[in-house]
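Number of protein chains: 4
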Amino acid sequence: MTKVLIVYASDYGNTKKMAEMVASGVESVPDAEGVLKEPEEVTEDEMTSSDAVMVGTPTHMGSPHWRVKQFIDTICSPLWIKDGMIGKVGAVFATGSGFGYAGGGCELAMLALLSNFAEMGMFLVPLPKNTPGFKFGGLQWGPYGRSSGENMEQTGVSEEKLEATKYHGANVARTAAALKAASIFP
Amino acid sequence: MTKVLIVYASDYGNTKKMAEMVASGVESVPDAEGVLKEPEEVTEDEMTSSDAVMVGTPTHMGSPHWRVKQFIDTICSPLWIKDGMIGKVGAVFATGSGFGYAGGGCELAMLALLSNFAEMGMFLVPLPKNTPGFKFGGLQWGPYGRSSGENMEQTGVSEEKLEATKYHGANVARTAAALKAASIFP
Amino acid sequence: MTKVLIVYASDYGNTKKMAEMVASGVESVPDAEGVLKEPEEVTEDEMTSSDAVMVGTPTHMGSPHWRVKQFIDTICSPLWIKDGMIGKVGAVFATGSGFGYAGGGCELAMLALLSNFAEMGMFLVPLPKNTPGFKFGGLQWGPYGRSSGENMEQTGVSEEKLEATKYHGANVARTAAALKAASIFP
Amino acid sequence: MTKVLIVYASDYGNTKKMAEMVASGVESVPDAEGVLKEPEEVTEDEMTSSDAVMVGTPTHMGSPHWRVKQFIDTICSPLWIKDGMIGKVGAVFATGSGFGYAGGGCELAMLALLSNFAEMGMFLVPLPKNTPGFKFGGLQWGPYGRSSGENMEQTGVSEEKLEATKYHGANVARTAAALKAASIFP
Chain A
5 MTKVLIVYAS DYGNTKKMAE MVASGVESVP DAEGVLKEPE EVTEDEMTSS
55 DAVMVGTPTH MGSPHWRVKQ FIDTICSPLW IKDGMIGKVG AVFATGSGFG
105 YAGGGCELAM LALLSNFAEM GMFLVPLPKN TPGFKFGGLQ WGPYGRSSGE
155 NMEQTGVSEE KLEATKYHGA NVARTAAALK AASIFP
Chain B
5 MTKVLIVYAS DYGNTKKMAE MVASGVESVP DAEGVLKEPE EVTEDEMTSS
55 DAVMVGTPTH MGSPHWRVKQ FIDTICSPLW IKDGMIGKVG AVFATGSGFG
105 YAGGGCELAM LALLSNFAEM GMFLVPLPKN TPGFKFGGLQ WGPYGRSSGE
155 NMEQTGVSEE KLEATKYHGA NVARTAAALK AASIFP
Chain C
5 MTKVLIVYAS DYGNTKKMAE MVASGVESVP DAEGVLKEPE EVTEDEMTSS
55 DAVMVGTPTH MGSPHWRVKQ FIDTICSPLW IKDGMIGKVG AVFATGSGFG
105 YAGGGCELAM LALLSNFAEM GMFLVPLPKN TPGFKFGGLQ WGPYGRSSGE
155 NMEQTGVSEE KLEATKYHGA NVARTAAALK AASIFP
Chain D
5 MTKVLIVYAS DYGNTKKMAE MVASGVESVP DAEGVLKEPE EVTEDEMTSS
55 DAVMVGTPTH MGSPHWRVKQ FIDTICSPLW IKDGMIGKVG AVFATGSGFG
105 YAGGGCELAM LALLSNFAEM GMFLVPLPKN TPGFKFGGLQ WGPYGRSSGE
155 NMEQTGVSEE KLEATKYHGA NVARTAAALK AASIFP
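And the structure:
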């Protein structure tokens, strides 16, 4: 069984919806299980018993939600010290509701999360541009669900915008399965 | 007279159009002059005689056009060694034609340019979100002109998408005028 | 009077020491006042009554301390919505205690803070490489105080490593004074 | 046979020395081959016939050498359009000779290279902190060889600083072998 832990914070339910789409992608892969948690619910054991971790966040001022950052500082940082996550797989997703035609700051927000995974010695899974739905919500670092319209009014994230998200979950589950069988780091 | 040097590389004319819009913004400010140059045309003297430098680039694989990078390595790097640009003003703009609802990688491309300015000890001018036209092509780091449609087909950059660009040019000219009168760095 | 608000979180006192050095730099400038606050103490009024804001953080997994991020989400984000900080000045500083010869992730941590300032429409002040002390703790984005030795053992931040920090505070105070007299953004 | 293509540009021979160390790490893995190329020597065929690509660069003003960027724009960008590299493995290394205790801008330089790989849909291999030699030249994104002393005088990169580099090459070869057998992306 390949276990993929999906940690998310959500302001208005959009990132939650995206996290559920990630989970459905994970579970579309044979012998893969997706576990959804809010940041405060995650324990070190939950992390070390997973083969992959995916983190999703709204974009707040160009970086992750503070609740996600608190999870990183309090749960991930001690695991970094202990080398507890080396060789597992990491991936990210994000939403955003600021003015958005230029991404609204999602790239640095995603890189902050990927930095956390890289620090822990985890492989990073990108989102290839030929992923179905990429054009409606894809960035190379992961899927992005824009939840507002031209004037920052809340519109929610449509199914169309989240199509790539489901594929991302499945890709991560397959990557974790392939790498857990190998022994990469000395 | 406040001199703003505008350096740009253009693939299909979109970044050039944007650079011209920047220049028109600069020249809307009393006693300000905008000078447009392609990367290969810029000399060290052109740089040191300017009060501000703005650099524009298409987004190529999430970073600037190699011709812009060549300008940075060959013209800016020696000026960095000599501390030749400290206290001047820097700002950026970009275009992009990949799949774009998540910014298409423009944020890191702009940050690469801003890093160059920061290395040279130059003040950085952001793009405030209340700038007219921000919603059609604004990022906090500067204006972004998306030049393609949903399927990456070339559409060019519309006037609407470039409105914020003109304001950016004017903002930079005013900032350079205010700071050249002061003596900030010891 | 030029007011510079200095917001910091500190794990072991190193970032606090750095914040105090920033404040001494601010106060070395005539008619400039430095106000030190921990993240939870800052109000929106404190922000809007300041001419410049400097934020300092330890580097945690390549991004800012979650308490700093909480301040950004709860205090800065509402001010961003209201366009309440446009035209003020922003600058950053950081400490780090991971393995450090390659910066230990401080660059993205600083950029997360600068992103917050840019979103709010604030000018960014770099750290020029000719700043006294730059070689012991300077990055283009601001001063960095490494607080540990080769094996991540806590050593604290020495005066030598913090020399550039004091200059950074003074530079920011002078920049804020020069720009508050001008009217840059339309 | 697992083929790892190692592309590097070098100013004074330090990045070249690092690239050779990477290659020796690759070849320490059974059935793995490392191929060293300067940017201008790489063809699209060379890329598509490789299982992993590693790119190394000096840090120039906080971003990669322009010759590396030219390779990205002219060789990688067309492969991105064609989806020609999806599912392969990417990793990076860098040198730097500016003032360096805060990394000298290597982080954004490495991220520019990783962005290129992510755009092409390639898995990213981090450098775990328990890698031998990490403390002398490791960043989460890859190994970093500082080639100058406190006053930016050229010192070259020592064996000690490059120890982690050799491990990085071996890690990448093993990752590519594990993933080429799998079929991750739909």
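Chains as they are written, first to last, in the numbering used here: chain A, 5 to 190; chain B, 5 to 190; chain C, 5 to 190; chain D, 5 to 190.
Glycine included, every Cβ here is placed at the ideal spot set by N, Cα and C.
query: Selected residue, minimal CA-CA separation from A/GLY60, among A/GLU48, A/LYS92, A/PHE75, A/GLU50; result: A/PHE75
query: A/ASP15 versus A/PRO62 - alpha carbon distance; result: 7 Å
query: Neighbouring residues, chain D, relative to C/ARG150 (Cβ below 9 Å); result: TYR105, ALA106
query: Cβ of D/GLN144 within 8 Å of any chain C Cβ; result: yes
query: Closer than 8 Å to chain D by CB, B/CYS80; result: yes
query: Contained alpha helix (DSSP H) runs [length at least 4] in the segment 36 to 63 of chain A, N- to C-terminal order; result: 48 to 52
query: Neighbour list for A/ASN175 in chain B, Cβ cutoff strictly below 7 Å; result: None at all; the shortest Cβ gap to chain B is about 17 Å.
query: Proximity to A/SER101 [Cα-Cα], best of A/THR78, A/TRP70, A/LYS86, A/SER151; result: A/SER151
query: B/ASP55 and D/HIS69 closer than 8 Å at C-beta; result: no
query: Spatial distance of C/ALA95 from A/ARG178 (CA atoms); result: 43 Å
query: 8 Å Cβ shell around C/ASP35 - same chain, five flanking residues per side excluded; result: MET5, THR6, ALA181
query: Whether C/ALA98 touches C/GLY153 by CB criterion (8 Å); result: no
query: The segment 117 to 137 of chain D: positions lying closer than 9 Å to chain C by Cβ; result: LYS133
query: Pair within 8 Å by beta-carbon distance, B/ALA116 and B/PRO136; result: no
query: Minimum length 4: unbroken alpha helix (DSSP H) runs contained in the segment 68 to 132 of chain C; result: 70 to 75, 81 to 85, 110 to 123
query: D/GLY205 - DSSP class collapsed to helix/strand/coil; result: Lying outside 5 to 190, the shown extent of chain D, residue 205 of chain D is not represented and no answer is given.
query: Beta-ladder partner(s) of D/LYS7, from DSSP; result: D/GLU37
query: Minimum Cβ-Cβ distance from A/GLU48 to chain B less than 8 Å; result: no
query: Proximity below 8 Å, CB of C/LEU118 to CB of C/LEU128; result: yes
query: Of the residues C/VAL93, C/PHE189, C/TYR171, C/ALA185, the one placed nearest C/MET25, counting alpha carbons only; result: C/TYR171
query: Chain-ordered chain D contacts of B/ASP77 [CB-CB under 8 Å]; result: HIS64, MET65, HIS69, TRP70
query: Neighbour flag for B/PRO147 against chain C, beta carbons, 8 Å; result: no
query: Coarse secondary structure for A/TYR222, derived from DSSP in three states; result: Only positions 5 to 190 of chain A appear in the structure, and residue 222 of chain A is not among them; the question remains open.
query: Residue-level contact to chain C via CB, A/GLY91, 8 Å cutoff; result: no
query: Extent of the continuous alpha helix (DSSP H) to which A/GLU167 belongs; result: 163 to 184
query: Contact under 8 Å by Cβ, A/ILE79 with A/MET51; result: yes
query: Within-8 Å CB hit, B/LEU166 to chain A; result: no
query: Chain B within 8 Å of C/PHE189, Cβ atoms only; result: yes
query: Test item: CB-CB of C/GLY107 and D/GLU111 under 8 Å; result: yes
query: Cβ-Cβ distance between A/GLY91 and A/ILE188 below 8 Å; result: yes
query: Same chain, Cβ closer than 7 Å to A/ALA103, five either side skipped, listed in chain order; result: Inspection of the sequence shows that residue 103 of chain A is occupied by Phe rather than by Ala. Hits under 7 Å: MET156.
query: Beta-carbon contacts of C/GLU28 that lie in its chain and below 8 Å, excluding the five residues immediately before and after; result: Sequence inspection shows Ser at residue 28 of chain C; the Glu mentioned does not correspond to that position. Same-chain partners within the cutoff: GLY38, LYS170, GLY173.
query: Cutoff 8 Å: D/GLY100 Cβ touching any chain B Cβ; result: no
query: Pick from D/TYR148, D/VAL46, D/SER53 that is closest to D/ARG71, judged by C-alpha positions; result: D/VAL46
query: Nearest candidate by alpha-carbon position, reference D/ASN18, set D/GLN158, D/MET126, D/PHE121, D/GLU31; result: D/GLN158
query: Contacts around C/ALA186, its chain only, beta-carbon distance under 6 Å, and the 5 residues preceding and following it disregarded; result: none
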